[in-house]
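Enquirer:
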Amino acid sequence: MSTPYDGAPPLTDEQRAVVDLPADEMTLVVAGAGAGKTHTLVRRLDALVEREGLGAGEILVLSFSRAAVRELKERLARHGDAARHVRVRTFDSWALELLTQVDASGDWRSRDFDARIAAAAQLMGDPAVNDLYEDLRHVVIDEVQDLVGARRELVEALLDTYDCGFTVVGDPAQAIYGFQVQDPQERAGETNRFFDWLRARFGEELTELRLSQNFRAVTDEARIALSFGPRLQAGAEGEGRAEGVPYEELRTALLDTLLVGDLSDEFVCAGLRDHDGSTAILCRTNGQALLVSEALHAGGVPHRVQRSARDRAVPAWVGLMFRRAETSILTRGAFVELAKNLPLPPDAEPETLWRSLLRAVPGRSAGLDLSRLRALISEGRMPDELTAQPAASLVVSSMHRAKGLEFDRVLVVDPEALREDTEDPSEETRMLYVAMTRARHELMRLEPMKTWPMYLSKDRSGRWGRYQVRKRSSRLGIELMGGDVDTDRPAGSHLALPDDVFDKTASQLQEHLAARVFPGDDVVLNRLEDGSPHEFQAPRYVVTHGPSGVPVGLTSEKFAKELYAHMQWSRNHVPDRWPATITGVRVDAVETVAGSASAGSIAGLGERGVWLAPRLVGLGRFTYDPYVHDGEDQGA
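Everything in the sequence shown is counted per my numbering, starting at -14 for the first residue and increasing by one.
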């Protein structure tokens, strides 16, 4: 007789000890890299429901990132049995849900992430929240080493307020999100502070278990960093947070791995193109990842750049579903018929996607309410399983963004020796450890990224930019990202623009986006006007696609404001010259967006206010109109 766990690895004694605990047990599980943590949590949840008799509504499961939530959901769907209906949430989605349930009139979605988390923490113990969680019997929390600041305070308030069992899992050796705390002194105190609180608060009632066996790395070279794990754990949890492993000792281990040649070498590019398994190139910063991506595009190597955990894009097939649906309530049969001609993700089952859509918009037995689904798109609340980045054989990522992921082969860009002014050497060590423990089979390295005569830095908007060395006023480029294309109105519907800006109708451009625009395609941003029509904003740019330069969008107000901030070399400086073109930009995805319903209707796209738009990525390069300013040639 088959079971949901056929094909899954059997539980080890360490894992079994976690799974078999009673529902009222208060448990801290320290799980090392690749220790089968997610598999153990799925079995733990199954045991809580099947053996302990808990209902799905009596269990609260929280995780740090959308990627982790998505993986846990997928594992529950595949291997969970009784627990397949248990809901898994990120901290932000749970906090937003809690706030709207308690105060539906509050404008919670307009507040930022930290503000919502802090507001939810203050609600713990409120009578309205007590009513919501009067049946709560067990809390499961993943990646607790990443609990810092407001998020840590929320979880502490939750466990301190409600009398229930819990299973919290984390690895002090992989605590790499201290940078989210702005004050350096506070940041040092936040690292693994939750572990201290947990032990002090529950004392002898707390059961501590460990998962020490690694199931990810299957070769000696992939295991090269694993021996540092226990020492990093001890150092991160020790008195005064003494560093358990010096950074240079771990970096020396990286330097002992195979050095891959330069990305400009065709032999190296061919090796990346032809590899059968999954590969990741991991960089110290996302700015470096964008430079690696640039080099790979130059070498003709297909890849994708890993988005941040908070960054989501609704895929194009959702927008096409809206366009082709004949009624506002979509039935299962109509969806299955539409799915035959939709660009669904590889290996995606229409039935699985349908269930995900229904879970996102519950309450309609007759079918899927497209107006409610549109509201989710507009508010950025589409389910993680529907907004995941598509699989790619080669992924370029910062070390932070690769946390929780694994690959057959990993190439780590040498992060070089630490500078004397490094604020937190211990966190740099843990971050390198995370990067070096992502590989299943091969761990290799690349030489440090060379940028001279340019340097990379983040501007006031948090974007990476290119700057001329020793010329602080000389801007050479800026990072492009999601939200940089105007989504309030569909391309081709801007009536106030000159007729030659968009030479296709909005409907024709939607067809072009659906059929001819693909991730990795080259786009160029061409300046639309000499000066900005608004104060403290840069001019608008037309986004043109491919060799033929088809205009497919306009830059957004967000981009106009942040480009203005980027071009200011001091707070009193008023920029008066703008790049004529921005090149080196690529299509990250064609995404589904929700904008002005009236604009969509006028443009001939129906009344639902949903259409397609290009999502951009890349470290753009500026080209200026020839001009000499203050004795410096600003042309490029």
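We put the beta carbon where it would ideally sit given N, CA and C, even for glycine.
Taking the continuous alpha helix (DSSP H) assigned at R178, which residues delimit it?
Expert: That run of the alpha helix (DSSP H) goes R178 to F187.
Enquirer: What did DSSP end up calling R236 once you bin it into helix, strand or coil?
Expert: Three-state DSSP puts R236 in a helix.
Enquirer: Excluding the 5 residues flanking E391 on each side, which residues of the same chain have their C-beta closer than 8 Å to its C-beta?
Expert: Result list for E391: G19, R201, R423, A424 and R425, in chain order.
Enquirer: At what residues does the alpha helix (DSSP H) containing R317 begin and finish?
Expert: From DSSP, the alpha helix (DSSP H) with R317 extends over R317 to A324.
Enquirer: Figure out for me which residue from V129, D507 and K543 has the closest Cα to the Cα of F521.
Expert: That would be K543, whose Cα lies nearest to the Cα of F521.
Enquirer: Work out the CA separation of G591 and L121 for me, nearest whole Å.
Expert: Taking the straight line joining both Cα atoms gives about 45 Å.
Enquirer: DSSP puts W449 in a beta bridge; with which residues?
Expert: W449 pairs with K443.
Enquirer: Does G585 pass the burial test, meaning 16 or more other C-beta atoms within 10 Å, or should it be called exposed?
Expert: Buried, because 16 or more other Cβ atoms sit within 10 Å of the Cβ of G585.
Enquirer: Buried or exposed: where does V4 fall if 16 or more other Cβ atoms within 10 Å of its Cβ makes it buried?
Expert: Burial call: buried.
Enquirer: Specify the secondary structure class of P335 as computed by DSSP and reduced to three states.
Expert: Here P335 sits in helix by DSSP.
Enquirer: Taking the beta strand (DSSP E) that Y147 belongs to, which residues open and close that run?
Expert: Unbroken run through Y147: none, as it is neither H nor E.
Enquirer: Between which two residues does the alpha helix (DSSP H) harbouring V114 extend?
Expert: Looking at the DSSP string, the run of the alpha helix (DSSP H) that includes V114 is P112 to L117.
Enquirer: Give the range of the alpha helix (DSSP H) segment to which T414 is assigned.
Expert: Segment P410 to M421, the alpha helix (DSSP H) holding T414.
Enquirer: When DSSP builds the beta bridges, which residues end up paired with R394?
Expert: DSSP, once it has assigned bridges, lists T264 and E427 as partnering R394.
Enquirer: Would you report the Cα separation of M439 and G462, rounded to the nearest angstrom?
Expert: Going from the Cα of M439 to the Cα of G462 covers about 10 Å.
Enquirer: Considering only residues of the stretch 451 to 486, which uninterrupted beta strand (DSSP E) runs meet the minimum length of 3 residues and lie entirely inside it, listed in chain order?
Expert: Runs of the beta strand (DSSP E) inside the stretch 451 to 486: 456 to 465.
Enquirer: Is the beta carbon of P536 closer than 8 Å to that of A476?
Expert: A contact, by the Cβ cut-off of 8 Å.
Enquirer: Output the boundary residues of the alpha helix (DSSP H) element that contains M306.
Expert: It spans A301 to R309 - the alpha helix (DSSP H) in which M306 sits, taken as one unbroken run.
Enquirer: Please return the same chain residues whose Cβ sits closer than 8 Å to the Cβ of L39, not counting the five positions on each side in sequence.
Expert: Excluding sequence neighbours, L39 sits near A8, L33, R122 and H123.
Enquirer: If you compare alpha carbons, which of L327, A207, T577 and D261 is closest to E364?
Expert: Minimum Cα distance to E364 is reached at T577.
Enquirer: Please state whether DSSP places D610 in a helix, a strand or coil.
Expert: Residue state, collapsed to three classes: coil.
Enquirer: Check the C-beta distance from G603 over to L498 and give it rounded, since I have them as a contact under 8 Å.
Expert: Wrong, their Cβ atoms sit about 18 Å apart, outside the cutoff.
Enquirer: Here's a check: name, in chain order, each residue in its chain whose Cβ is nearer than 8 Å to the Cβ of R292, leaving out the five neighbours to either side.
Expert: Result list for R292: A298, Q374, R386, G467 and D573, in chain order.
Enquirer: Using 8 Å for Cβ pairs, my map puts D399 next to E432. What's the rounded Cβ distance?
Expert: Right, their Cβ atoms sit about 6 Å apart.
Enquirer: Determine the burial state of G225: buried for a count of at least 16 other Cβ atoms within 10 Å of its Cβ, exposed for fewer.
Expert: Because the pLDDT at G225 is just 42, under 50, the model does not fix this residue reliably, and the value given afterwards should be weighed accordingly. Classification for G225: exposed.
Enquirer: Would you say G174 faces chain D, with C-beta separation under 8 Å as the test?
Expert: The structure shown has no chain D; it contains just one protein chain.
Enquirer: Can G594 and S581 be called in contact, C-beta distance under 8 Å?
Expert: Their beta carbons are under 8 Å apart, which means G594 touches S581 by this criterion.
Enquirer: CA-CA distance, Q0 and A103?
Expert: Near 34 Å, if we compare the C-alpha coordinates of A103 and Q0.
Enquirer: Around the Cβ of I314, are there at least 16 other Cβ atoms within 10 angstroms (buried) or fewer (exposed)?
Expert: Answer is exposed; the Cβ neighbour count stays below 16.
Enquirer: Taking only three categories from DSSP, how would you classify E432?
Expert: Three-state result, E432: coil.
Enquirer: Taking DSSP as the reference, what is the three-state secondary structure of L597?
Expert: Residue state, collapsed to three classes: strand.
Enquirer: Assign G591 to one of three DSSP states: helix, strand, or coil.
Expert: Reduced to three states, the DSSP call for G591 is coil.
Enquirer: Alpha carbons only, please: which of D393, S95, N271 and G318 is nearest the one belonging to M384?
Expert: Out of D393, S95, N271 and G318, N271 has the C-alpha closest to the C-alpha of M384.
Enquirer: When you compare each of R394, P335 and S90 to L371 by their alpha carbons, which one comes out closest?
Expert: Ranking R394, P335 and S90 by Cα distance to L371 puts P335 first.
Enquirer: Quick one: give me the first and last residue of the alpha helix (DSSP H) that N271 is part of.
Expert: N271 -> alpha helix (DSSP H) spans N271 to A283.
Enquirer: Work out the CA separation of N177 and A227 for me, nearest whole Å.
Expert: Low local confidence applies: a pLDDT of 47 at A227 is under 50, so the model's placement there is unreliable, with the coordinate-based value given in what follows. Straight-line Cα distance between these residues: approximately 12 Å.
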